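In what follows, a single structure is set out as structure tokens and then discussed.
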Amino acid sequence: MAKSLRSKSKLQAKSLKRKGEFQNFVDERNKRIAEKLQKETAEQEVKKKKAKEDKQDGGSMDVDQPKKVSTSGWRDSNSQRYKQSKLKNKVKKKTMKF
1 MAKSLRSKSK
11 LQAKSLKRKG
21 EFQNFVDERN
31 KRIAEKLQKE
41 TAEQEVKKKK
51 AKEDKQDGGS
61 MDVDQPKKVS
71 TSGWRDSNSQ
81 RYKQSKLKNK
91 VKKKTMKF
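For reference, each letter of the sequence shown is one residue, going 1 to 98 in UniProt numbering.
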């Protein structure tokens, strides 16, 4: 008969593996992550210092402003295209015929 995964012997075996075999991998991974975070925070600090120095020196005048998006005019939806075509047809019908 099979043992349940909740049985004491299975739980003890899993906990031993967690503490013994897999703990080394977890510790190494945590060290790598910590080193990477330290490098990234150091780079961010350098960038912040440069930004502060630029602001104190007067800043650079070559700041690109985001291009404004035009919100006027016809939209590109079916209902708007339908309205636009109807308006064009009305303008054409206003001509006089003799």
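Note that the Cβ used here is the ideal one computed from N, Cα and C, for glycine as well. Keep in mind it's a predicted model, so treat the numbers as computed, not measured.
Assuming residue i contacts residue j under a Cβ cut-off of 8 Å, what Cβ separation, rounded to an integer in Å, is found between them?
{"i": "S9", "j": "K3", "result": "7 Å"}
For residue i and residue j, what's the separation of their Cα atoms in angstroms?
{"i": "Q84", "j": "D64", "result": "36 Å"}
{"i": "A42", "j": "K19", "result": "33 Å"}
{"i": "E40", "j": "D27", "result": "20 Å"}
{"i": "K48", "j": "L37", "result": "16 Å"}
{"i": "S15", "j": "R29", "result": "19 Å"}
{"i": "V69", "j": "D76", "result": "15 Å"}
By Cβ distance below 8 Å, which residues in the same chain neighbour residue i in space, the five residues on each side in sequence not counted?
{"i": "G73", "result": "none"}
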